[in-house]
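Asks:
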Amino acid sequence: MVATWNPAAASSYYTRQRETEYYAGSGKPPGIWYAPAGDFGLVDGSSVDRLTFDRLYHARDESGSPLLEQIRRHKERTPAFDITLSAPRSVSLVWGLGSYDTKRLIEAAQQKAVRATLAMLEREATWARRGFKGAFLEGVALSSATFQHGESRKTLHSDGRVFADPNLHTHCVCLNIATRPSDHTAGGLHSKIIRDFKMAAGATYHAALAHELEKIGFAIDRVGKNGVFEIAGINDATIKYFSARRQEIEDELAGHGVTSGQAAALAAAIAKATRSSKRESESIGREEVWREAARSFGVETETLAESLRVESKTLDQEAGERVFSERLAALPASLTEHESVVQRRELLRSVAAALVGTGLPVERAETELTRLLTQGVFLEIGHDALGLPCYSTPEMLAIEREVVEQAQRLANQSWRSLDLESLRDRCRAVGFTAEQSEAALAATTSSAVAIVEGAPGVGKSTLLAPVVQGYAKAGCRVIGAASAWRIANMLRDDLGIEARATASWIARLKAGEKVLDKQTVLIVDEAGLLSSRDMHALLGAVTEAGAKIILVGDRQQLQAIGAGPGLDLVARAVEAARVNTIVRQREAWAREAITAFGTGQSVSALEAFADRGLLIEADGAKAAIAQVLDSADQVHASDPAASVLILAKSNAAVAAISQAARERHKHSGFIWGPEVSFTAATPSGHSTKIALAAGDKIRFLVRDDKLGVVNGSTATIVKVSEASVPVGDASRIIIEADIEGRRIAFDPMQLADTQGRPRLGWAYASTVYGCQGLTVDHAVVHLDHSYNRHDIYVATSRARERTTLVVDAKSIDRRLAAELPFDQQRDELAFSTSQRQNWLAERLSRASPKISTLDVIEGSRPLERQTEKDRHHRRELSYEL
1 MVATWNPAAA SSYYTRQRET EYYAGSGKPP GIWYAPAGDF GLVDGSSVDR LTFDRLYHAR
61 DESGSPLLEQ IRRHKERTPA FDITLSAPRS VSLVWGLGSY DTKRLIEAAQ QKAVRATLAM
121 LEREATWARR GFKGAFLEGV ALSSATFQHG ESRKTLHSDG RVFADPNLHT HCVCLNIATR
181 PSDHTAGGLH SKIIRDFKMA AGATYHAALA HELEKIGFAI DRVGKNGVFE IAGINDATIK
241 YFSARRQEIE DELAGHGVTS GQAAALAAAI AKATRSSKRE SESIGREEVW REAARSFGVE
301 TETLAESLRV ESKTLDQEAG ERVFSERLAA LPASLTEHES VVQRRELLRS VAAALVGTGL
361 PVERAETELT RLLTQGVFLE IGHDALGLPC YSTPEMLAIE REVVEQAQRL ANQSWRSLDL
421 ESLRDRCRAV GFTAEQSEAA LAATTSSAVA IVEGAPGVGK STLLAPVVQG YAKAGCRVIG
481 AASAWRIANM LRDDLGIEAR ATASWIARLK AGEKVLDKQT VLIVDEAGLL SSRDMHALLG
541 AVTEAGAKII LVGDRQQLQA IGAGPGLDLV ARAVEAARVN TIVRQREAWA REAITAFGTG
601 QSVSALEAFA DRGLLIEADG AKAAIAQVLD SADQVHASDP AASVLILAKS NAAVAAISQA
661 ARERHKHSGF IWGPEVSFTA ATPSGHSTKI ALAAGDKIRF LVRDDKLGVV NGSTATIVKV
721 SEASVPVGDA SRIIIEADIE GRRIAFDPMQ LADTQGRPRL GWAYASTVYG CQGLTVDHAV
781 VHLDHSYNRH DIYVATSRAR ERTTLVVDAK SIDRRLAAEL PFDQQRDELA FSTSQRQNWL
841 AERLSRASPK ISTLDVIEGS RPLERQTEKD RHHRRELSYE L
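Using the UniProt record's numbering, the first residue of the sequence shown is number 1, and each one after it goes up by one.
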């Protein structure tokens, strides 16, 4: 991990090492203070004295008395926070193999990057609590002891060697104590703010380190997410070899069905929890070990570092400015692609990451951030719960305000009303509950907009049947929309209306097609998944055409992928009719548990599943996947006709489950005959290798009218073959498949994306997002820490009969261990079932609703701004929460 945050280890963990452990014989001290403000008498840039460090670590003055009142009262506190900044592996490798002078230059670059990162955290994220229960925040100085290390833990490499890879990194032990300027008393830091700035810290570090390396002649390339980069001239194969520890973690993650990029938190947990002890003797002769390994790998160790430097290199500042400007211009669109509200830390992170590879200094980040705000590219719209500023773009502000205005106009606009008594009679005739009947009536008022909300499994789609019948009888045309084509087709079949994916309707409307008129009723199912932009497009079209729109969904279920909560914005102007009585699950306890999950009461919900043997703990990632498949097989064995749905959070986890399921099916003879393989595109746009044979269950990830399939359609392969094409020696794949009793034949390349990757996958499991709106007999959920309240609410509500939850106990143990200080993290740590269950319940209770710009604007409270004189020109704001 580039920038990690942890409670600090015991003070002795950092001070017991010798100079060789930190600077490889450079003669420098084992630690350097970052303390520009001189808080507690510290001298910025001075050596870390063990006694002083230990005293301030425990928040005591020179006489040994506590500096914080809470130490006297509670005795328990986190004494410091360890922010570890790690150089890219190519930088560590050049440092490890370089000459004495090269080492010193790179170490100096590392130290400057560390200081730039801490300076950013001091300006932006270092706050002390004040007042009752910390009701106020006051800007304070940051004091941190920095300890530089040069290697990772010993690990087995691909050629059988066992050694510690070069890994230049610095532990920044930030003291959890500072002097509050307003009255010169000592206070603890607000740790959550520092922790939340972790990604911004990583981007700032990358930007600063890249600039310093470019100044001394190294070229930068392979700039990636959050500004991560490598030194030009060090190839990927060499980097991979000398990243054995990372590869070890990647292999572990593969068992979970994810990669480190897709599960950064889990990767960090594995890295921390599988730490082995590190002894000083391991550092002896390490450079020679590295050189020997590098030489056997074909690296010219004597000249490697120096050959990469071009002393006379002149940075093309004009080109750098142009690239930086282009990246900044793209920020408004990229930052509001999925969220309409941008946190300050995210804005700062993005600006800093845009600097990497431009040759421009990291100080430009603050300058450009100020410029973006001054010029109104981003607007400060309010503050979060901690009082920190939030931003958005003029476009998002306008869109979300207009959605509310559109909804208000539609709510006040008179539309055709139905015969309510006749509608009541139809509802009674089909056996509706009182809630369902009232919701159907609410959908047919004379207003041009209506909202019907309900918990999963309350029969929202069912109650639409008499609504459709009523409008059809009145001479109206009723059409339907849903987030996915598969759900739209279900709406079509259930209600007997034309229905399409919402995106398809929006595309047709934007193309100028006359989709709506004054006689049209548009029913939008799963409306809780609509972003602000989507809702804006739909309401605008409905308003212009004089049509009516009925929004059916649930704001408590899965949130929109795009920016902003479209349905929530409409609900500001339109009262929603809500149905809460669940009818899908046959057993009362299941309905109660699902309701508890939806309201954040996950402790009782998990206990209900555990009491019935439906919460299964597996010993490791592979065991969890095996247990998921075992649970599904047990259902099939007892009731072959029952429908079973296997669910996981991520596409990668679904792929891992599908791979294991496919191996089982091959072993059992359900998959047979010749097999073909090719690189396909996953739903998230990644490349993956897929193999197919007769008997395979496949899912189409794109609509194809010639084949009669939509995104989400499933089929069973009957035959695969490779046929020579008329021209050349290449071959093409032909797949014959059965889809709902219909035989189709196609070449996967018919479904290819712009990169030539067929959008086709296995259909042995589904993501939670892919299952909303579906109903099955049984479900098995591969449950992990990444689920939130919305995810678990949807996942556990799909099945009429039973839902089984499977968790990887070892993974949770590692997450629990990773929350401990460094010196207490060990792979062998195990926790009790109740500890794991409580930890998991806490995460499942977390709601992550989409926030609109209007939420922030209306939720902001007046700020009490206190100007403090400070020679470092710190921003001194006290925020009232």
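For each residue, glycine too, the CB sits at the ideal point set by N, CA and C.
Counting only beta-carbon separations shorter than 8 Å, does threonine 714 have a partner in chain D?
Replies: Among the protein chains of the structure shown there is no chain D, as only one such chain exists.
Asks: According to DSSP, is threonine 204 helix, strand or coil?
Replies: Three-state result, threonine 204: helix.
Asks: Jot down the residue ranges of each uninterrupted beta strand (DSSP E) in the segment 472 to 538, minimum 3 residues, whole runs only, in chain order.
Replies: 477 to 482, 498 to 501, 520 to 524
Asks: When we look at the beta-carbon of arginine 364 and count the other beta-carbons within 10 Å, is it buried (16 or more) or exposed?
Replies: Its Cβ being crowded by 16 or more others within 10 Å, arginine 364 is buried.
Asks: Ignore the nearest five residues each way along the sequence and tell me which others in aspartate 525's own chain have a CB closer than 6 Å to its CB.
Replies: Ala482, Leu491, Val552
Asks: Going by beta carbon distance, what residues of the same chain come within less than 6 Å of leucine 105, once the five residues before and after it are set aside?
Replies: Ile216
Asks: Quick check on the burial criterion: 16 or more other C-beta atoms within 10 angstroms. Buried or exposed for aspartate 705?
Replies: The residue in question, aspartate 705, is exposed, as its Cβ has fewer than 16 Cβ neighbours within 10 Å.
Asks: In whole angstroms, give me the CA-to-CA distance for valine 720 and isoleucine 734.
Replies: 6 Å
Asks: Rounded to whole angstroms, what is the Cα-Cα separation between arginine 401 and leucine 854?
Replies: 7 Å
Asks: Per DSSP, which residues does residue 919 bridge with? Please list them.
Replies: Nothing about residue 919 can be reported from this structure: the residues present for the chain run from 1 to 881 only.
Asks: Are lysine 697 and threonine 679 closer than 8 Å when you measure CB to CB?
Replies: no
Asks: Would you say the segment 563 to 582 touches the segment 400 to 417, given that touching needs at least three Cβ pairs under 8 Å?
Replies: Yes, since at least three Cβ pairs between the segment 563 to 582 and the segment 400 to 417 fall closer than 8 Å, the two stretches touch.
Asks: What residues are listed by DSSP as bridge partners for phenylalanine 700?
Replies: Leu760
Asks: Would the segment 529 to 543 and the segment 742 to 753 be scored as touching if the rule is three or more Cβ pairs under 8 Å?
Replies: No, the segment 529 to 543 does not touch the segment 742 to 753.
Asks: Between the Cα of residue 909 and the Cα atoms of Arg789, Arg802, Ser852, which residue gives the shortest distance?
Replies: No answer is possible for residue 909: the residues shown for the chain start at 1 and end at 881.
Asks: Just to confirm before moving on: does the CB-CB distance between serine 86 and histidine 206 stay below 8 Å?
Replies: No, the pair does not count as a contact, with Cβ atoms beyond the cut-off.
Asks: My assumption, with CB atoms under 8 Å, is that phenylalanine 229 sits in contact with glycine 357. Please give the rounded CB distance.
Replies: At roughly 6 Å, the Cβ-Cβ gap stays under 8 Å, so phenylalanine 229 and glycine 357 are in contact.
Asks: Evaluate proline 640 with the Cβ neighbour count: other Cβ atoms within 10 Å of its Cβ, from every protein chain shown; 16 or more gives buried, anything less gives exposed.
Replies: exposed
Asks: For serine 668, which option in Glu858, Gly695, Ser604, Val676 has the closest C-alpha, if you only look at C-alpha atoms?
Replies: Gly695
Asks: Find the nearest neighbour of tryptophan 762 within the set Gly773, Ala655, Asp611, judged by alpha-carbon distance.
Replies: Ala655
Asks: What residues are listed by DSSP as bridge partners for proline 166?
Replies: Per DSSP, Glu151.
Asks: Name the two residues that bound the continuous beta strand (DSSP E) containing alanine 186.
Replies: Where alanine 186 is concerned, the enclosing beta strand (DSSP E) stretches over 185 to 187.
Asks: If you reduce the DSSP assignment to three classes, tell me which class valine 351 lands in.
Replies: In this structure, valine 351 counts as helix in the three-state DSSP scheme.
Asks: Just how far apart, CA to CA, sit glutamate 337 and arginine 500?
Replies: 23 Å
Asks: Could you give the distance in angstroms between the alpha-carbon of alanine 765 and the alpha-carbon of valine 776?
Replies: 13 Å
Asks: Measuring CB to CB, does serine 532 end up less than 8 Å from alanine 563?
Replies: yes
Asks: Taking a contact to mean a Cβ-Cβ separation below 8 Å, would you say threonine 374 touches alanine 244 in this structure?
Replies: no
Asks: Would you mind sorting tryptophan 290 into buried or exposed? The rule is 16 or more other CB atoms within 10 Å of its CB.
Replies: In the assembly as shown, tryptophan 290 is a buried residue. Its beta-carbon has 16 or more other beta-carbons within 10 Å.
Asks: Is glycine 96 helix, strand or coil by DSSP?
Replies: helix
Asks: Taking just the CA atoms, how far does alanine 779 sit from valine 768?
Replies: 11 Å
Asks: Kindly give me the distance between the Cβ atoms of arginine 843 and histidine 782, rounded to whole angstroms, as I take these residues to be in contact under 8 Å.
Replies: Incorrect: roughly 15 Å between the Cβ atoms, too far for contact.
Asks: I'd like to confirm the pairing. Which residues does DSSP put opposite valine 570 in its beta bridges?
Replies: Paired residues: none, contrary to the question.
Asks: When you compare the segment 791 to 810 with the segment 454 to 470, are there three or more beta-carbon pairs, one atom per stretch, that lie closer than 8 Å?
Replies: yes
Asks: By Cβ distance, which residues of its chain are closer than 6 Å to arginine 426, with the 5 residues on each side in sequence left out?
Replies: Pro466
Asks: Using 8 Å for Cβ pairs, my map puts lysine 850 next to proline 565. What's the rounded Cβ distance?
Replies: 4 Å
Asks: Quick one: give me the first and last residue of the beta strand (DSSP E) that arginine 743 is part of.
Replies: From DSSP, the beta strand (DSSP E) with arginine 743 extends over 742 to 746.
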